[in-house]
Amino acid sequence: SQKIEQNSEALNIQEGKTATLTCNYTNYSPAYLQWYRQDPGRGPVFLLLIRENEKEKRKERLKVTFDTTLKQSLFHITASQPADSATYLCALNNQAGTALIFGKGTTLSVSS
Amino acid sequence: GAVVSQHPSWVICKSGTSVKIECRSLDFQATTMFWYRQFPKQSLMLMATSNEGSKATYEQGVEKDKFLINHASLTLSTLTVTSAHPEDSSFYICSARGTGNTIYFGEGSWLTVV
Numbered sequence: 632s633q634k635i636e637q638n639s640e641a642l643n644i645q646e647g648k649t650a651t652l653t654c655n656y657t658n659y660s661p662a663y664l665q666w667y668r669q670d671p672g673r674g675p676v677f678l679l680l681i682r683e684n685e686k687e688k689r690k691e692r693l694k695v696t697f698d699t700t701l702k703q704s705l706f707h708i709t710a711s712q713p714a715d716s717a718t719y720l721c722a723l724n725n726q727a728g729t730a731l732i733f734g735k736g737t738t739l740s741v742s743s
Numbered sequence: 728g729a730v731v732s733q734h735p736s737w738v739i740c741k742s743g744t745s746v747k748i749e750c751r752s753l754d755f756q757a758t759t760m761f762w763y764r765q766f767p768k769q770s771l772m773l774m775a776t777s778n779e780g781s782k783a784t785y786e787q788g789v790e791k792d793k794f795l796i797n798h799a800s801l802t803l804s805t806l807t808v809t810s811a812h813p814e815d816s817s818f819y820i821c822s823a824r825g826t827g828n829t830i831y832f833g834e835g836s837w838l839t840v841v
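Going down the list, the sequences are from chains C and L. Just so we're aligned, residue 632 is where the first sequence starts under the working numbering, counting upward by one. Just so we're aligned, residue 728 is where the second sequence starts under the working numbering, counting upward by one.
Here's what the structure looks like:
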């Protein structure tokens with residue numbers, strides 16, 4: 632079965648720096664990969680979707696890359712702010728393509 | 728944007744009783760909804776896929792007789808935890824598929840079984 636690994640449970644950076652989060656998968660190549668933000672006690676909020684034939688996607692201060700050879704996606708937040716502090720979840724479609732499965736998430740803390 | 732609403736946000740029930748959680752898509756129709764469970768500091772674990780007008784598809788290890796799912800309309804899916812026990816205490820989250828492959832999540836429902 633597919634395993635999704637997000638490189639670290641916690642990441643601490645200073646305000647203004649770029650945060651880089653990693654998501655690796657081990658099995659089949661997903662048709663698309665998504666990144667979500669989750670605040671404590673809340674449901675996940677969709678951020679970006681990148682398809683297997685796309686190398687990079689941007690949205691404001693967010694950038695996602697997708698390398699199907701390395702089986703890896705990188706999620707970047709540039710000019711980070713304390714308000715970016717949250718848990719970021721990587722998700723991809725299950726093999727049947729019917730549902731999303733999630734990594735454990737990386738909790739980002741941005742200090743001022 | 729698309730909104731998914733869950734109710735109740737939190738519920739406390741006695742061991743052995745049943746509790747129902749509702750998931751509604753407020754401004755779009757969702758033929759497919761999903762139910763997840765999340766324990767503290769853990770990933771969202773997919774429990775089942777709910778299809779309007781048909782039986783839900785459960786993930787391996789999820790007891791379908793314990794977690795009853797009904798998707799009676801294009802905007803409503805319900806999860807009933809039957810004969811709840813303390814180990815069922817968790818954060819239950821639903822989601823619905825919108826246009827394209829975008830999945831919208833509800834705010835989650837905290838269940839505490841005492």
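Each residue gets a CB set at the ideal place from its N, CA and C atoms; glycine is no exception. Only a predicted model underlies this, so the values are computations on that prediction, with no experimental measurement involved.
- Task: With DSSP as the reference, please indicate the residues paired to M772/L in a beta bridge.
- Result: R764/L
- CB contact check: K702/C to chain L, cutoff 8 Å: no
- Task: Would you list the residues sitting across from V851/L in a DSSP beta bridge?
- Result: Here chain L covers residues 728 to 841 and nothing more, so residue 851/L does not appear.
- Task: Could you tell me which chain C residues have their CB closer than 8 Å to the CB of T776/L, listed as they occur along the chain?
- Result: T729 and A730
- Query: What is the residue span of the beta strand (DSSP E) that N684/C lies within?
  - Reply: Neither: N684/C is in no beta strand (DSSP E) and is coded neither H nor E.
- Task: May I have the straight-line CA-CA distance separating P735/L from T700/C, to the nearest angstrom?
- Result: 44 Å
- Under 8 Å by beta carbon: chain L residues contacting G734/C: S770
- Kindly indicate which residue of Y831/L, H812/L and R751/L has the alpha-carbon position closest to the one of S745/L. H812/L
- Task: Just tell me which of D698/C, Q712/C, Q645/C and R668/C has its CA closest to the CA of R775/C.
- Result: The structure shown does not extend to residue 775/C, since chain C spans only 632 to 743, so no value can be given for it.
- Message: Per the DSSP calculation, K735/C is bridged to which residue(s)?
- Response: DSSP output for K735/C lists no bridge partner at all.
- Check whether the Cβ atoms of G825/L and Y831/L sit closer than 8 Å, and answer yes or no. yes
- Query: Closest to E749/L by CA distance: which of Q756/L, T759/L and V731/L is it?
  - Reply: V731/L
- Exposed or buried, which one is R689/C when buried takes at least 16 other CB atoms within 10 Å? exposed
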